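Residues in the sequence shown are numbered consecutively from 3, following the numbering used here.
Let me begin by presenting the structure, written as structure tokens, before commenting on it.
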Amino acid sequence: MLQVFFAIAVALLGLMAYLIPNWRYLTIASALPTTFGFFIVKTIPESPRWLATQGRYDEAEAILSKISVENGSGNKHVTLRREKGTAKGGSTGRSYGIIDLFLNRSTCVITLIMIISWFVNSHVYYGLSLNVKNLGGNMYFNFVLAGLVEIPSYLLTVLLLNWSGRRKSLFYFMMGAAGSCWTCMKLQQQENLNAGAQSVAAMFGKFCISASFAVLYVYAAELFPTVIRNVGMGMATVASRIGGILCPFVVLMGEQSRSLPMFIFACMSLVAGLVGLRLPETKGHPMPETMEDLERSKQEDVKVIKT
3 MLQVFFAIAV ALLGLMAYLI PNWRYLTIAS ALPTTFGFFI VKTIPESPRW LATQGRYDEA
63 EAILSKISVE NGSGNKHVTL RREKGTAKGG STGRSYGIID LFLNRSTCVI TLIMIISWFV
123 NSHVYYGLSL NVKNLGGNMY FNFVLAGLVE IPSYLLTVLL LNWSGRRKSL FYFMMGAAGS
183 CWTCMKLQQQ ENLNAGAQSV AAMFGKFCIS ASFAVLYVYA AELFPTVIRN VGMGMATVAS
243 RIGGILCPFV VLMGEQSRSL PMFIFACMSL VAGLVGLRLP ETKGHPMPET MEDLERSKQE
303 DVKVIKT
């Protein structure tokens, strides 16, 4: 639901771009709201789950006690049960790094698929936003519309995640994005360009890729064990940013061939959607805390790798 506000910000950016045509002033105006982050971050508590896995039970209990009081449950002193083998990332007592994502077959497959999925989602998401200049109609209006169409996509994601699960939702939305981009490409190849039809196809593609991105945020957090969740999410985010960095170069290809960017977006979405079927379904399963939990879930036929 928080991503709805992200969509509103995207739409407002299109309006700002229309009102502030100078890109330097637009950059400054867009960056100013981020200064509030320096003050907001200090009010956000650390994750009690992560603190517990690091053996910092006192800090975790203090945060949970505060949350309990604010929720009105009346429990002012929350006490966690200490279990052997859960502190400091498991029984070994060591911390985990990037290399640990690839030492275990389960986490290696999950990490590689997440890298592909996040790269493609970011690439297509920002690509469709920037590619509005290659569509018919007013560029600023199309950009604002591309932001507003994300709002219903996030609302639908909330319902679909609980109905069909994470893996199927990701697949459906990726296939929807691929089909929309392919349809838009075919429309752009016609001699008589239909600006309205192009915009509809592109906006539905933005709808699907936005929903897919929202699924990934939930899915990735549930796939990685707590002890390496921050590392895994960090790796996925890096892949996402690389995808976003490269997408403007694909959009520029539209100057040579108007339909080429959509062709690339369609193919990438198709591949990422099919690869995502190799991921396990996490709906209804407890989030793994340690590497041992992940291996235990395999033995209990949770289907971590094969489905």
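Every residue, glycine too, gets a C-beta built ideally from N, C-alpha and C.
Given the structure is predicted, the values throughout are model-derived calculations rather than measurements.
DSSP places K68 inside the alpha helix (DSSP H), whose first and last residues are 59-73. Judged by DSSP in its simplified three-state form, L137 adopts coil rather than helix or strand. With contacts defined by Cβ atoms closer than 9 Å, V122 and A222 do not form a contacting pair. Under the three-state reduction of DSSP, V80 is assigned to coil, being neither helix nor strand.
Only residues of its own chain outside the window of five on either side were considered, and among them A203 have a CB closer than 7 Å to the CB of T185, listed in chain order.
Cβ neighbours of K135 within its own chain (closer than 7 Å, five residues either side excluded): M141. Taking 9 Å as the cut-off, the beta carbon of F8 is found closer than this to the beta carbon of E152.
Remark: C-beta atoms of V12 and S131 approach each other more closely than 9 Å. If you draw a straight line from the Cα of F104 to the Cα of T45, it comes to about 35 Å. The alpha-carbon separation between M235 and N194 amounts to approximately 45 Å. For K188, the uninterrupted alpha helix (DSSP H) segment begins and ends at 168-190.
The three-state reading of DSSP puts V151 in coil, since its state is none of H, G, I, E or B.
In this structure, L163 and V217 form a Cβ contact; the two beta carbons are roughly 7 Å apart against a cut-off of 8 Å.
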